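Chains as they are written, first to last, in our numbering: chain A, 1 to 468; chain B, 1 to 519.
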């Protein structure tokens, strides 16, 4: 018997007659008969699932979902000054166009004979990132900055055969937590110990004396960020790398690549492994779904051999002058090595690699320089305007894109201020209260190229009003 | 094959597109950056004055300079040279559930593009509701589990998350030093071995019985001990075989003191049929980019949705989206939480698409997805076992969502195997097949998965292409040996890929090694 028909537009063979034809060919009466041969009765769900009435009509579905989503406010309607790991930058329309191309959007695991374009786009992403950071090797992206730092630190540990990493004490607690999960607890065999290096309370930069005191022959790597979690430009990159190298440790630098049109490429100040976040490169925030990490290094076997990621290499083909692509040393990866592999790799954020490649190609060296300059000028201006408000202080001056705003003398908590700013349709800086007690009542403000002077004036006026 | 459609003429686009790094001309611009207003410039001066001299970039990055139409054209051409799922009958990429991603869901996902993840909870109630409902309405019923996390950005990331939770569980119980072994099976996805290994566990891998294709329950009994931390297993396994004693397996592991993590990457044909709860699992994960229709994105962004029992809810990564009857909140109060496995809330745009897809299906539709996928698989089997050179290893007759076939016979009889077939099928506009993860326990493997997206005519056509190619292997082997013929690219030289002197992951490495140019 054909059961009640439920012909769904996404399921061609839900047409009862088609299903019957197929069952006939299989030699079965119905699906139940086949399932009974596969899955024992005691494990079968013998009832219909209890789920809401479906909305197979596309219009009704859209109406329903849009109804729920209408309860969101977005950074298009509100003025956003929040960053802290996910940032509002301008996304060129061409980036959206390519991100939405169904060839890239719906491809997955095909080979280079069917998907050459995808392989080439990945290679271009690696090449462009290589130029930005000054390295000859990069791979497909990871999940986010945190996972790329976790991978990079484990690479350093395997390369050096050492089990300790030095990280800055001022670091995103979220990111640190992700890294900690990569580094295993003490009871585990490949546990990596954390040693925290302090910062100079005057400048926010790493305290080099503290670093010298903490580094030892046990240190696998020194991980630091540029700009730091609180936006400070780490000018002593070279000194930090040298201190690391003097102890035989790797210098691991986490960067925000949108700064690299104006800030020195990490390779130039001694980085051995570079990692960071690609979301600023033409990828929308997607409520945090726009993140993607990257790793880059010098082109030496001891680094290449330790990457967990897929590394796309260019090669040649039977036809003279034609480019081919393939996976470099694929046996490193967990797809082949399983538990003997270099950590693990999986479906991560490849579409964002394509988008980042488009972004960097659009921007070019001039665009990258300009966007870096514009971000510095606008964020400096915002800091200046805020610092003019009574009770507001900007503790550290040499920053890129993000800066600490201290409200200790303002008589209001950051949470209160942010709540009040919402009435002005402003998302104030991330509340850092509690993350680092010595920073007091502080917020991390983010100003990118998308903020006009008018927006900054509006912020300053609103903060002034809220504190009045 | 009677009633067969004539094989289509196909040729992939060939654009001979240069690498973007060698394109463009000095001075061209692809986009203009927002300007800095004069007042700002006057107030703060030049940007350079705010960068410490030691940290200024001295030489601009050697990235290309191109106008906008040229950038767009280049990437459009590269997209044309990529055979996305929507262009072909993508049955060959099994274990990946290459199903249709409804276009309307892309439109809906776009509505959260400009949301910052740290916005106040009151301003993201909509997306929090979607995340909550997808877990507590859909996945709760589909898996039978109690609480959920969408932080992991893919299936392997979810396996990593579960390994971290199991690690934390034994740590809290003071048994981590002793419980250092995870048991898995060779036909479970490699992440079920690699992720626990990265988390610090030793792996015990069970191999299949020659007859059934599954490891025996006796083998599991012999593997458990006071060192057992847990079990990571895919079911149905990548062979399409459902382990009918799976509840016995979880009991054995529990009795030994371990926890059980169910890899539900292959869940498409068991939705509403059988659940992690009744199989006795403590936790499981679904790949939303596979079973729940979010597009694969050339390999992400994706989501490995983690489902756990009440007992393990305190170990979930934070924050967890909760509902107090009035509003949705981010709950950080999880005493044993493993902390974080990814920034913010995960790929919530993926969850949003999956929610919309599941809402369009409902209970009956989801069950229809399962049944049709299973019927499609059994129907394709009938077709494929008529193809010369194709065999179906292992005696277990009925397979669920997919089957791992072998071309060993073809290889023995013609000298041509899966790699040759894979190069040839692309000549017909068919995506090259997923073979198998390593090691190849099944020789010359391929693993088609004809999920509910494909019509009977699609399945017939796909089988017909394989039939044609395998016949060619006997009648005209040369055409396989020299394939592909209609692809974007000719035969690729793979030797440099593993050679440090010749591999090149970047253009600058390529210039140095292959053209003797140093940047």
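Note that CB positions come from ideal geometry on N, CA and C, so glycine has one too.
These numbers were taken from a predicted model, which means no experiment stands behind them.
Residue i to residue j span [Cα, whole Å]
i, j, result
"residue 371 of chain A", "residue 34 of chain B", "8 Å"
"residue 22 of chain B", "residue 64 of chain B", "7 Å"
"residue 212 of chain A", "residue 450 of chain A", "40 Å"
"residue 1 of chain A", "residue 20 of chain A", "With a pLDDT of 38 at residue 1 of chain A, under the threshold of 50, the predicted position of this residue should be treated as unreliable, though the coordinate-derived value follows. Each residue's Cα considered, the two are about 9 Å apart."
"residue 421 of chain B", "residue 505 of chain B", "28 Å"
"residue 26 of chain A", "residue 378 of chain B", "7 Å"
"residue 477 of chain B", "residue 470 of chain B", "9 Å"
"residue 437 of chain B", "residue 116 of chain A", "21 Å"
"residue 43 of chain B", "residue 381 of chain A", "7 Å"
"residue 169 of chain A", "residue 224 of chain A", "10 Å"
"residue 360 of chain A", "residue 281 of chain A", "7 Å"
"residue 394 of chain B", "residue 402 of chain B", "14 Å"
"residue 45 of chain A", "residue 179 of chain B", "33 Å"
"residue 151 of chain A", "residue 189 of chain B", "21 Å"
"residue 289 of chain B", "residue 514 of chain B", "39 Å"
"residue 14 of chain B", "residue 231 of chain B", "48 Å"
"residue 215 of chain B", "residue 149 of chain A", "38 Å"
"residue 322 of chain A", "residue 316 of chain A", "6 Å"
"residue 72 of chain A", "residue 128 of chain B", "9 Å"
"residue 3 of chain B", "residue 385 of chain B", "Since pLDDT at residue 3 of chain B reaches only 49, below the 50 mark, its modelled position is unreliable, and the value read off the structure follows with that caveat. Their Cα atoms are separated by approximately 18 Å."
"residue 430 of chain A", "residue 490 of chain B", "53 Å"
Residue i burial status per 10 Å Cβ neighbour count (16 or more: buried)
i, result
"residue 132 of chain B", "buried"
"residue 52 of chain A", "exposed"
"residue 186 of chain A", "exposed"
"residue 176 of chain B", "buried"
"residue 461 of chain A", "exposed"
"residue 182 of chain B", "buried"
"residue 210 of chain B", "exposed"
"residue 32 of chain B", "exposed"
"residue 53 of chain B", "exposed"
"residue 172 of chain B", "exposed"
"residue 196 of chain B", "buried"
"residue 332 of chain B", "exposed"
"residue 390 of chain B", "buried"
"residue 11 of chain B", "exposed"
"residue 25 of chain B", "exposed"
"residue 378 of chain A", "buried"
Chain-ordered chain B contacts of residue i [CB-CB under 8 Å]
i, result
"residue 247 of chain A", "Those do not exist, as residue 247 of chain A stays about 22 Å from chain B at its closest Cβ, beyond 8 Å."
"residue 112 of chain A", "489, 492"
Supposed contact pair residue j and residue i - C-beta distance, whole angstroms, cut 8 Å
i, j, result
"residue 193 of chain B", "residue 203 of chain B", "5 Å"
"residue 459 of chain A", "residue 426 of chain A", "6 Å"
"residue 307 of chain B", "residue 344 of chain A", "The pair is not a contact, with the Cβ atoms about 21 Å apart (cut-off 8 Å)."
"residue 91 of chain B", "residue 449 of chain B", "7 Å"
"residue 95 of chain B", "residue 446 of chain B", "Residue 95 of chain B to residue 446 of chain B, Cβ: 11 Å. No contact."
"residue 319 of chain B", "residue 312 of chain B", "Not really, about 17 Å apart at Cβ, beyond 8 Å."
Contact set between residue i and chain B, taken where Cβ atoms lie within less than 9 Å
i, result
"residue 450 of chain A", "34"
"residue 86 of chain A", "116, 117, 118, 343, 344"
Proximal chain B residues relative to residue i, where beta-carbon distance stays under 7 Å
i, result
"residue 479 of chain A", "An answer regarding residue 479 of chain A cannot be provided, because it is not within the stretch 1 to 468 covered by chain A."
"residue 378 of chain A", "36, 40"
Partners in chain A for residue i, counting only beta-carbon separations shorter than 9 Å
i, result
"residue 493 of chain B", "315, 316, 317, 318, 324, 326"
"residue 527 of chain B", "A query on residue 527 of chain B cannot be resolved here, the shown segment of chain B reaching from 1 to 519 and no further."
"residue 127 of chain B", "68, 69, 71, 72, 287"
Neighbour list for residue i in chain A, Cβ cutoff strictly below 7 Å
i, result
"residue 503 of chain B", "313, 328"
Partners in chain A for residue i, counting only beta-carbon separations shorter than 8 Å
i, result
"residue 123 of chain B", "72, 73, 78, 422, 427"
The ligand PLP heavy atom lying under 7 Å from the CB of residue i
i, result
"residue 127 of chain B", "Judged by which ligands are present, the structure shown has none, so any question about the ligand PLP falls away."
Subject >> Contact set between the stretch 56-73 of chain A and chain B, restricted to residues whose Cβ is under 8 Å from the partner >> reply: Those residues of the stretch 56-73 of chain A that come within reach of chain B (Cβ to Cβ, closer than 8 Å) are 56, 58, 61, 62, 64, 65, 66, 68, 69, 70, 71, 72, 73.
Original post:
Relative to chain A, which residues along the stretch 110-121 of chain B have a C-beta separation below 7 Å, given in chain order?
Top reply: The residues in question are 111, 112, 113, 114, 115, 116, 117, 118, 119, 120.
Original post:
Can you list, in chain order, the residues of the stretch 12-45 of chain A whose Cβ is nearer than 8 Å to any Cβ on chain B?
Top reply: Answer set for the stretch 12-45 of chain A: 12, 13, 14, 18, 19, 21, 22, 23, 25, 26, 28, 31, 34, 35, 37, 38, 39, 40, 42, 43, 44, 45.
**OP:** Using a Cβ-Cβ cut-off of less than 8 Å, give me the residues of the stretch 418-445 of chain A that come near chain B, in sequence order.
**Re:** Residues 418, 419, 422, 427, 430.
Subject >> Positions along the stretch 463-474 of chain B whose CB lies within less than 8 Å of some CB in chain A >> reply: Answer set for the stretch 463-474 of chain B: empty.
Original post:
What are the residues of the stretch 201-234 of chain A that lie near chain B, defined by any Cβ-Cβ distance shorter than 8 Å?
Top reply: In summary, the residues of the stretch 201-234 of chain A whose CB is separated from some CB of chain B by less than 8 Å are 226, 233, 234, in the order they occur in the chain.
**OP:** Quick one: which residues of the stretch 348-369 of chain B get their C-beta closer than 9 Å to a C-beta of chain A? List them in chain order.
**Re:** Taking 9 Å as the Cβ-Cβ cut-off against chain A, the residues of the stretch 348-369 of chain B that qualify are 348, 349, 350, 351, 352, 355, 356, 357, 358, 359, 360, 361, 362, 363, 364, 365, 366, 367, 368, 369.
Original post:
Taking any Cβ of chain A, which residues in the stretch 270-285 of chain B have a Cβ under 9 Å from it, in chain order?
Top reply: Residues of the stretch 270-285 of chain B whose Cβ lies closer than 9 Å to any Cβ of chain A, in chain order: 270, 271, 272, 273, 274, 275, 278, 279.
Original post:
Looking at chain A, which residues of the stretch 416-427 of chain B have a Cβ within less than 8 Å of any of its Cβ atoms?
Top reply: Under the 8 Å Cβ criterion, the stretch 416-427 of chain B contributes 422, 423, 426.
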